[in-house]
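Numbering (our numbering), first residue to last: 7 to 386. All C-beta atoms in this analysis are idealised placements derived from N, C-alpha and C, irrespective of residue type, glycine included. Data first, discussion second: the structure below is written as structure tokens.
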Amino acid sequence: MPKRTKIICVVGARPNFIKIAPLLEEFEKYPQFKKYPQFKTILVHTGQHYDFKMSKVFFKDLNIPNPYYNLGVGSDLHGTQTGKIMIAFEKVCLKEKPQLVIVVGDVNSTLAGALVAAKLQIPVAHIEAGLRSFDRTMPEEFNRLLTDHIADYLFVSDPIGITNLTNEGIPRKKIFYVGNIMIDTLKNQLPKIKNAKQKLKILNQLNVKPKEYAILTLHRPSNVDNKKTLKELFSAFKEIQKQIKIIYPVHPRAKKRIQEFGLEKWIKNIKNLILIPPINYIDILSLMASSKFVITDSGGITEETTILKIPCLTIRENTERPVTVGIGTNIVVGTNKNRIIREINKILSGRGKKGKSPKYWDGKTAQRIVKIIHQHEYAK
Ligand code: UD1
Numbered sequence: 007m008p009k010r011t012k013i014i015c016v017v018g019a020r021p022n023f024i025k026i027a028p029l030l031e032e033f034e035k036y037p038q039f040k041k042y043p044q045f046k047t048i049l050v051h052t053g054q055h056y057d058f059k060m061s062k063v064f065f066k067d068l069n070i071p072n073p074y075y076n077l078g079v080g081s082d083l084h085g086t087q088t089g090k091i092m093i094a095f096e097k098v099c100l101k102e103k104p105q106l107v108i109v110v111g112d113v114n115s116t117l118a119g120a121l122v123a124a125k126l127q128i129p130v131a132h133i134e135a136g137l138r139s140f141d142r143t144m145p146e147e148f149n150r151l152l153t154d155h156i157a158d159y160l161f162v163s164d165p166i167g168i169t170n171l172t173n174e175g176i177p178r179k180k181i182f183y184v185g186n187i188m189i190d191t192l193k194n195q196l197p198k199i200k201n202a203k204q205k206l207k208i209l210n211q212l213n214v215k216p217k218e219y220a221i222l223t224l225h226r227p228s229n230v231d232n233k234k235t236l237k238e239l240f241s242a243f244k245e246i247q248k249q250i251k252i253i254y255p256v257h258p259r260a261k262k263r264i265q266e267f268g269l270e271k272w273i274k275n276i277k278n279l280i281l282i283p284p285i286n287y288i289d290i291l292s293l294m295a296s297s298k299f300v301i302t303d304s305g306g307i308t309e310e311t312t313i314l315k316i317p318c319l320t321i322r323e324n325t326e327r328p329v330t331v332g333i334g335t336n337i338v339v340g341t342n343k344n345r346i347i348r349e350i351n352k353i354l355s356g357r358g359k360k361g362k363s364p365k366y367w368d369g370k371t372a373q374r375i376v377k378i379i380h381q382h383e384y385a386k
């Protein structure tokens with residue numbers, strides 16, 4: 007009987023779903039040995055994100071199979087959420103006895119999945135390893151650091167990741183520069199967003215024309231959990247919307263804080279700031295691809311705008327993805343109102359960054375990852 011590797015893939019939050027889709031597809035496609043699958047993948051959803059628009063819609067649009075297990079942990083304090091995932095996921099690992107656990111990104115589900123596997127002596131693969139913001143006020147920075155230090159395969163998306171990891175003493179032989187798996191999904195979906203009819207649907211629904219609007223996304227605790235910062239940011243957006251419409255899909259965390267801080271009425275009254283619920287992947291890509299520019303505090307979006315060649319402003323003091331600044335279209339502008347307005351004026355006067363694609367952001371990252379796992383697992 008040929009050898010077969012049982013692999014558990016862990017996902018929990020919206021960006022995880024986008025990253026896991028091409029990998030699962032690639033495992034399915036991998037050459038079979040006399041009709042005997044060499045990989046058996048088991049998808050585990052921790053339930054960190056649970057709203058239809060934050061979770062299920064991505065499974066539907068990206069053809070991700072239904073999770074074999076849904077741990078249903080939901081939202082909670084970080085320690086509690088991480089702990090709940092660990093308790094439930096340990097049971098899954100003990101039952102399934104996988105040969106490998108794959109985690110993606112930097113969310114609480116990433117760390118919880120990796121920690122359980124490592125404690126059970128199950129090898130761990132981390133996709134999107136090596137990113138560092140060097141900002142320990144960000145919950146994601148701990149998730150990245152700790153996951154990388156217990157992982158056996160570190161699949162790096164930004165070339166700086168190799169330097170970061172080796173500087174931390176991680177052996178070079180565990181590190182693989184494979185490119186950016188999010189771009190695999192982006193490239194898979196590009197034909198849909200190039201389809202004029204499909205693209206115009208969401209633009210028409212929102213009553214906007216190509217290049218006559220900007221997209222805004224905002225969800226980081228450092229921006230939305232602080233009333234003063236949130237007010238400063240929205241007073242900048244209030245100025246900007248005098249020149250160009252801004253479409254803002256509101257993340258649940260931001261929605262909650264806007265309500266708590268009593269800012270809802272003020273924000274809703276800003277005429278050209280169009281608030282909409284979270285939207286699906288094809289719609290956000292279509293909107294970004296036709297926008298004049300994007301303002302965001304997300305990491306993944308700075309990568310997507312780099313490939314779409316759309317100028318992007320990151321409203322944070324740092325980024326763990328420097329290649330989007332060095333090569334791509336991203337500029338880190340912080341949260342100061344005047345700086346944000348200044349940079350936007352540059353874009354509006356035609357001086358936005360054009361950018362290039364980083365190496366291996368070519369839609370073939372999942373292929374490279376599966377090949378490496380295959381070579382190593384079968385060499386054992
Ligand atoms: C999480 C990740 C962040 C990632 C983001 C993508 C961590 C530490 N953070 O942040 O890195 O960029 O996902 O979206 O893992 N909520 C809902 N419905 C949902 C999910 C969340 O209403 O389906 C609300 C809850 O009130 C919850 C809050 O949003 O308390 C925050 O959710 P949580 O998963 O803790 O963190 P995110 O801010 O989404």
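Check: Distance, residue 107 Cα to residue 357 Cα; Outcome: 45 Å
Check: Beta-carbon proximity of residue 110 to residue 25, cut-off 8 Å; Outcome: yes
Check: Contact under 8 Å by Cβ, residue 353 with residue 298; Outcome: yes
Check: Completely contained beta strand (DSSP E) runs for the segment 229-268, where each covers 3 or more residues; Outcome: 251-255
Check: Cβ-Cβ distance between residue 170 and residue 112 below 8 Å; Outcome: no
Check: Beta strand (DSSP E) segment containing residue 219, residue limits; Outcome: 219-222
Check: Integer Cβ distance of residue 346 from residue 321, believed to fall under 8 Å; Outcome: 7 Å
Check: Same chain only: Cβ atoms within 8 Å of residue 99, ignoring 5 sequence neighbours per side; Outcome: 14, 107, 122, 123, 126 and 128
Check: Inter-residue Cα distance where the pair is residue 328 and residue 176; Outcome: 20 Å
Check: Three or more C-beta pairs below 8 Å linking the segment 114-121 and the segment 62-70; Outcome: no
Check: Option nearest residue 199 by Cα separation, candidates 183, 134 and 314; Outcome: 314
Check: Helix, strand or coil at residue 51 [DSSP, three-state]; Outcome: strand
Check: Same chain, Cβ closer than 6 Å to residue 323, neighbours up to 5 away in sequence not counted; Outcome: 340
Check: Backbone CA spacing between residue 196 and residue 330 [nearest angstrom]; Outcome: 20 Å
Check: Cβ-heavy atom distance, residue 114 to ligand 1, below 7 Å; Outcome: yes
Check: Coil, strand or helix - residue 331 by DSSP; Outcome: helix
Check: Cβ-Cβ distance between residue 280 and residue 240 below 8 Å; Outcome: no
Check: Per DSSP, cross-strand counterpart(s) of residue 382; Outcome: According to DSSP, residue 382 bridges with nothing at all.
Check: Identity of the residues DSSP links to residue 319 by a beta bridge; Outcome: 301 and 337
Check: Cβ neighbours of residue 204 in the same chain (closer than 8 Å, five flanking residues each side left out); Outcome: 198, 288 and 292
Check: Cβ-heavy atom distance, residue 51 to ligand 1, below 7 Å; Outcome: no
Check: Classification of residue 290 by the beta-carbon crowding that lies within 10 angstroms, buried from 16 upward; Outcome: buried
Check: Heavy atom of ligand 1 within 7 Å of residue 270 beta-carbon; Outcome: no
Check: Length of the line joining the Cα atoms of residue 367 and residue 186; Outcome: 5 Å
Check: heavy atom of ligand 1 below 7 Å from residue 20 C-beta; Outcome: yes
Check: Contact test: residue 355 Cβ vs ligand 1 heavy atom, cutoff 7 Å; Outcome: no
Check: Three-state class that DSSP yields for residue 84 in the structure shown; Outcome: helix
Check: Assigned secondary structure, residue 19 (DSSP; H/G/I helix, E/B strand, else coil); Outcome: coil
Check: Assigned exposure category for residue 164 - 16 Cβ within 10 Å defines buried; Outcome: buried
Check: Test item: CB-CB of residue 278 and residue 247 under 8 Å; Outcome: yes
Check: DSSP state of residue 74 mapped onto helix, strand, coil; Outcome: coil
Check: Range of the contiguous alpha helix (DSSP H) that encloses residue 151; Outcome: 145-156
Check: Contact test: residue 310 Cβ vs ligand 1 heavy atom, cutoff 7 Å; Outcome: no
Check: Start-to-end residues for the beta strand (DSSP E) that takes in residue 160; Outcome: 159-162
Check: For residue 377, the nearest candidate out of 263, 269 and 182 (CA to CA); Outcome: 182
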